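Participant:
There are 2 protein chains.
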Amino acid sequence: MSSDPLAVGPASSLIDQFRAILDEGGVMTGDDVSDRHPGYFMTRVEADVLLRPETTDQLSQVMALCHAAGQPVVIQGGMSGWVRATQTRPGDVILSLERMNRIESIDPANRTAIVQAGVILEKFQDHLEAHGLSFPLDLGGRGSCQLGGNAATNAGGMRVIRYGMMREQVLGMEVVLADGRVLSSMNQMIKNNTGYDLKQLFIGSEGTLGVITRLVLRLRERPVSSNTALVCADSFDRIAKLLRHVDGALGGLLSAFELVDNNFYRVNTGVGRHPAPLGSDERYYAMIEALGSDHERDRDLFEAVLTDAAEKGLFDDAIIARSEKDRAAIWGIREDLEHIVHDFQPFYAFDVSLPVGAMEAYMGEVTQRLKAIWPDGGIAFLGHVGDGNLHIAIGAGTPQDREQVEACVYEPLRPIGGSVSAEHGIGLEKKPWLSITRSPLERGLMREIKQMFDPKNILNPGKIFAEDAA
Amino acid sequence: MSSDPLAVGPASSLIDQFRAILDEGGVMTGDDVSDRHPGYFMTRVEADVLLRPETTDQLSQVMALCHAAGQPVVIQGGMSGWVRATQTRPGDVILSLERMNRIESIDPANRTAIVQAGVILEKFQDHLEAHGLSFPLDLGGRGSCQLGGNAATNAGGMRVIRYGMMREQVLGMEVVLADGRVLSSMNQMIKNNTGYDLKQLFIGSEGTLGVITRLVLRLRERPVSSNTALVCADSFDRIAKLLRHVDGALGGLLSAFELVDNNFYRVNTGVGRHPAPLGSDERYYAMIEALGSDHERDRDLFEAVLTDAAEKGLFDDAIIARSEKDRAAIWGIREDLEHIVHDFQPFYAFDVSLPVGAMEAYMGEVTQRLKAIWPDGGIAFLGHVGDGNLHIAIGAGTPQDREQVEACVYEPLRPIGGSVSAEHGIGLEKKPWLSITRSPLERGLMREIKQMFDPKNILNPGKIFAEDAA
C-alpha cells in the first residue's frame, strides 16, 4: 500500500480511487492544479492533484485512502494566509474545501449557525443580515477567507478586543481525522464542561491535526449604531492611556482600537493616495470604533468620551466620522496595504504580540537594530494595539536578507515574553523562530499531540514544526 | 520504587521524602487530614496525607516523587465543586493549593494579572478595585473557590453571556505535569498563534492532566454603573424573545440574564423567607443586569429598553432596582439555595445545557418523567438561560433512587444534543452519563490524551473517565 509520493506523485491507482469517490469536477490534475493561485508569498503550486469533495463522507473516504497510502495532504481554504501554511511540494495532494460551502442552518433563538467549512466569511456575514444577527469576526481577507480556515488558523482581525478571536466564536466542530474517522463535536451551547475540550486543539493547528469540515458558530445580535474616530498623539504613553480610558468609558461598546505610526500614515496619505483627515506630523494615529444599539445615544456617548479624553490631554487632535464616507476614509488609511508594499521594497511583513507596556521600547529597539544595518531602510508599525498585537512593515536590504531582517524583529521579543505570531500563525514562514515563543517542553508536547493525531505525518507535513516533527 | 497505595497508604519513606521537601506545616497526616471539609456531597476525607506546597518548585519535586512511586494524587482547590471531582480514596495523597495564594503582579496597561493558583476568587476581585480593574468571572462559590480550581473546572457563573467562561479569562498558565516537569506557558497576550494552544487542554480537565500552579489572567476595566431588573412572563417563548431584545438593545451592556421558574420563586419567597418583589403566579421570572460606564446614561437606556420590551408585550410585570438593597433583594432570590435544599428532600441538583429553542419542551419532558414516577416530587428550574444553561433542583424518592432521578434529567438531552454538564464538570457524579454528551470517538481521544500526559494514571484517577481510562 505504500508509495513514494515525493519522488513520483500519487500513484495513478490512488487517483483512480479518488475518482471513484468524487465526481468529475472533484479531481483536478495537471495544469488545472498548477495554474491555480499559489497563495501569498508563494511562487507556484507544486502539488500534482487537487481534490474538491462536497461532503464530509467523501472527504472521510479520501483521507482513509491517503492514510493507507501514506499520501501527504495539504488542506487549502481561501488561501489568504501570510505564512505559507498552504504551500505544497511535488507529490502532495491538495484538499480544497471550496465546494463544501453550505450555510446549513441558522438558529435565531440560540444565536448559532451551522456551516460547512468552505463558506466564505463575507458571504456568511452578509447572509446573517436578514436574521438581525452578526458574526463579529472581521479581517482584511473577508472576501476570500473561509470559515474553516479561520478556525484552523484561529483568525483575529479588527474586533478581537471586544469579541475575541475565532476560538471564542466556535462552539462546535466536525473534523475528519488523518485516518478518515469523523470526529463529531457539534456542540451548540456556550457551556459544555464534559471532559477535555477537543476542538480547542484543532483551532489554530494550521491543518496539521485534522480537516475541519463543519462548524457550529456563535452569533451576536446585530449592532445598530457605529461610531468611528481618528485621533493622534505625540507619545505612545498617551495612546496607551487613551485605550484604557475609552475602553472603560464606552462601557461595553468599544469594538476596535487600531494604531498606525507616522511612517505608515505618511505612506497612505501621500500625494494621490488617501486624503489626510489629520495633520501628518504626529507620531501615532489611532482608529477608535464603537458598536452599539442606539444611534443618538451612542453618538452622544462617543463624543462625550472623546471630549473627556481631550480634556484629560490624552490626544492632540481628533476627527469623528459624520458619514459612512468619513468612516470608510478613516478605515482606508488603516486597511490599505497596497502603497506600503509598493514603497517598501523588498517588502517584509511581520505580526507579533507583546505586553502593551513594552511596546514603545520594543518599537524603538527594532527600529534601531534595522537602521544600524540599513540606515535608509523603511519601517512602519501598525496593528491592533488593544490586543497587544503589532504589525510591522519593513522595506530594507535585498530578498536574501530575510533572516537578518527577521532577527531585528524577533530577537527583541525574547526577553519580554512576546510572541512571533499574534494572529498569522507559523506555517513555513515562522518555523525557524518558533523557539522564541515556545519552550522545548511546549514544542515537545505539541509533537506528541501531532504524533497521536497523525502518526504517519500526512497532514500538512513540515508546517509549524521542523520536518522531523512526528 | 513501586508501592501499593490503595492497600497500605503512602509508604512512610515517601512521607519522609515529602517532609524533606516541605516545611512542617506542609505535610499533614492522620486526623489533621480526615477532619478537613470533605467537599459537597462527600461524607469524609479518605486520603492519608495532605501536602501544602508553597512554591512551584516544591510542587514539582512532590510530583516527581509521586510519579516515581506510582502514588495517586488528588488536587484540591477551594472545595466548592458539586460533582465530587476532589473525592479521595484510602491511600491517596491530597495536593492542596491553599498556601500558593499570592497575587504576584498586576499590569494595568496590559490589563493582566499573574497569580498563584490558590488565590481565592473574591480576594482577587477585591484586590483589583484599587487598580480600577475587574475580573469578570463571578459565581456563588466566590468566597472559597480558587482561581486554579476555576481554571481546572472551566468555571462559569453569572456573567458568561458577556465575558465568557474562565477559559476566556486565561491567557497563560504554568502547569506541573504528572512527572514533575514544569510546563511554563505564561503568555500575557490576547493573541498568540504559535502552534497548539496547550493550556486549553488543562482548562476543564478537573485535575486529571496536570497541576495548574500559576495563571496569567485577563482583566477588564471596572464597570461604573450597574442596573438590575426582575421581570416575569407567562411563557418561555416571551422570555426567549426578551433575551434577544435586551441583548440587542442594550448594546454591549447586558451582563446577566438569569431565569427562575414559578416553583423556585415560590420556595424562595415563601413565608419568612425573601420578600416577593413581584406576584407569585407567573411561570417565569428573569433577572436582568447591565454593567456600563455612566450612571445616568445607562439607567436611562436600561429603562428605555425595558419600556420598549413592555410595549412589545415581552413580559407581564417588572421591577427595576433603585438601590443596592433592591439589587441584593433581586439577586438573593436567584442565588439563595438554602431553602430549596431544605424543602426538596432528598435533594438532587443538576446542571445541563441545551439550545434555548429546545428548553421549554425539555423542561416539560423532565417534569413529566419525574411526576410519572413520583407524583408528589418537587422540581424547579433556574439558571443562566442566556448561556443555554439550566440548573434543576429535584426533591423526590429516596437517596437510593439517584439513578432513576438522573435518568429523568439526562435521557431527554440525548436527542437534542444537550450536555449533561454545562459548568459543574463530570467528576465522579456524572461519569456514568458522559456518553450522552460525548461519542465513543471523543471519549477514546480523551483517554489517549490522558495516557499521553499521565501514563501512570496518578492524577485524580477515576475521575471523568471509567477507572480503566489510562
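From first to last, the protein sequence lines stand for chains Z and V. Residue 441 in the numbering used here sits at position 441 of the first sequence, and the numbers go up by one each step. To convert a position in the second sequence, counted from 1, into the numbering used here, add 470. Every residue, glycine too, gets a C-beta built ideally from N, C-alpha and C. Small disclaimer: the values here were computed from a predicted structure and weren't measured.
#1: Applying a beta-carbon distance threshold of less than 9 Å, which residues of chain Z neighbour residue 417 of chain V?
#2: Are the CB atoms of residue 879 of chain V and residue 862 of chain V nearer to each other than 8 Å?
#3: Helix, strand or coil: how does DSSP classify residue 424 of chain Z here?
#4: Please classify residue 271 of chain Z as buried or exposed, where buried requires at least 16 neighbouring CB atoms within 10 angstroms.
#5: If you drop the 5 nearest sequence neighbours on each side, which residues of the same chain put their C-beta closer than 8 Å to that of residue 115 of chain Z?
#6: Please go through the same chain and pick out, in chain order, the residues whose beta-carbon is closer than 6 Å to the beta-carbon of residue 289 of chain Z, but skip the five residues on each side of it.
#7: Using the beta-carbon of each residue, which ones in chain V are nearer than 9 Å to residue 170 of chain Z?
#8: Since residue 814 of chain V and residue 865 of chain V should fall inside the 8 Å C-beta cutoff, what is the C-beta to C-beta distance between them, to a whole number of angstroms?
#9: Using beta-carbon positions only, say whether residue 661 of chain V and residue 60 of chain Z come within less than 8 Å of one another.
#10: Can you give the Cα-Cα distance for residue 411 of chain Z and residue 369 of chain Z, rounded to whole angstroms?
#11: List, in chain order, every chain V residue whose beta-carbon is nearer than 9 Å to that of residue 204 of chain Z.
#12: Under a Cβ-count criterion, where at least 16 other Cβ atoms within 10 Å of its own Cβ denotes burial, should residue 178 of chain Z be classed as buried or exposed?
#13: Where do the ends of the alpha helix (DSSP H) carrying residue 536 of chain V lie?
#14: For a contact meaning CB atoms closer than 9 Å, what does residue 424 of chain Z contact in chain V?
#15: Which full runs of the alpha helix (DSSP H) of 4+ residues lie inside the region 334-416 of chain Z, going along the chain?
#16: What separation, rounded to the nearest whole angstrom, lies between the Cα atoms of residue 414 of chain Z and residue 601 of chain V?
#17: Please state if the CB of residue 224 of chain Z and the CB of residue 294 of chain Z are separated by a distance shorter than 8 Å.
#18: When burial is assigned at 16 or more other CB atoms within 10 Å of the CB, is residue 518 of chain V buried or exposed?
#19: Could you tell me which residues DSSP puts in a beta bridge with residue 757 of chain V?
#20: When we look at the beta-carbon of residue 607 of chain V and count the other beta-carbons within 10 Å, is it buried (16 or more) or exposed?
#21: Give the interface partners of residue 797 of chain V over in chain Z, defined as CB-CB distance under 8 Å, in chain order.
#22: Taking a Cβ distance cut-off of 8 Å, strictly less, list which residues of the region 97-122 of chain Z are near chain V, in chain order.
#23: Going by beta-carbon coordinates alone, are residue 155 of chain Z and residue 267 of chain Z separated by less than 8 Å?
#24: Just curious, the alpha helix (DSSP H) that residue 276 of chain Z is in, first and last residue?
#25: Can you tell me the Cβ-Cβ gap for residue 964 of chain V and residue 676 of chain V, rounded? I've got them flagged as a contact below 8 Å.
#26: Please state the DSSP three-state secondary structure of residue 973 of chain V.
#27: Can you name the residues of chain V whose CB is closer than 9 Å to the CB of residue 153 of chain Z?
#28: Report yes if the CB atom of residue 720 of chain V is closer than 8 Å to the CB atom of residue 680 of chain V, and no otherwise.
#29: Rounded to a whole number of angstroms, what is the C-alpha to C-alpha distance between residue 2 of chain Z and residue 72 of chain Z?
#30: On the CB-based measure, 16 or more other CB atoms within 10 Å of its CB, does residue 43 of chain Z come out buried or exposed?
#31: May I ask you to list the residues that DSSP assigns as paired with residue 787 of chain V?
#32: Which chain Z residues are close to residue 654 of chain V, counting only those with a beta carbon under 9 Å from its beta carbon?
#33: Using 8 Å as the threshold, is the C-beta distance between residue 589 of chain V and residue 564 of chain V below it?
#34: Taking just the CA atoms, how far does residue 221 of chain Z sit from residue 921 of chain V?
#35: Suppose you measure from the CA of residue 940 of chain V to the CA of residue 440 of chain Z; what does that come to, to the nearest Å?
#36: Can at least three beta-carbon pairs, one atom from the region 234-243 of chain Z and one from the region 164-180 of chain Z, be found at a separation below 8 Å?
Facilitator: A quick look at the data gives this:
#1: In the structure displayed, chain V extends from 471 to 940; residue 417 of chain V sits before or after that span and is not available.
#2: Contact annotation: residue 879 of chain V and residue 862 of chain V have beta-carbon atoms nearer than 8 Å.
#3: coil
#4: exposed
#5: 102, 103, 104, 124, 147, 214, 215 and 217
#6: 228, 255 and 256
#7: Per Cβ cutoff of 9 Å: no residues; residue 170 of chain Z is ~12 Å from chain V at best.
#8: 3 Å
#9: The answer is no: Cβ separation not under 8 Å.
#10: Per the coordinates, the alpha-carbon of residue 411 of chain Z lies some 10 Å from the alpha-carbon of residue 369 of chain Z.
#11: For residue 204 of chain Z, the C-beta contacts it makes with chain V under 9 Å involve 663, 664, 665, 666 and 667, in order along the chain.
#12: buried
#13: 526-539
#14: The CB of residue 424 of chain Z comes closer than 9 Å to the CB of 663 in chain V, given here in chain order.
#15: Runs found: 338-343, 359-373 and 402-410.
#16: 28 Å
#17: Cβ atoms of residue 294 of chain Z and residue 224 of chain Z: closer than 8 Å.
#18: buried
#19: V/700 and V/728
#20: buried
#21: Those do not exist, as residue 797 of chain V stays about 18 Å from chain Z at its closest Cβ, beyond 8 Å.
#22: 107, 108, 109, 110, 111 and 112
#23: No, Cβ-Cβ distance for residue 155 of chain Z and residue 267 of chain Z is not below 8 Å.
#24: That residue, residue 276 of chain Z, is in no alpha helix (DSSP H); it is neither H nor E in DSSP.
#25: Because chain V in this structure spans residues 471 to 940, residue 964 of chain V falls outside the shown range and cannot be described.
#26: In the structure as shown, chain V starts at 471 and stops at 940, and residue 973 of chain V therefore has no counterpart that could be examined.
#27: 663
#28: no
#29: Because the pLDDT at residue 2 of chain Z is just 42, under 50, the model does not fix this residue reliably, and the value given afterwards should be weighed accordingly. Going by the C-alpha atoms only, they are around 12 Å apart.
#30: exposed
#31: V/702
#32: 439, 441 and 442
#33: no
#34: 42 Å
#35: Only weak support exists for where residue 940 of chain V lies, its pLDDT of 40 falling under 50; the coordinates are left without a value.
#36: no
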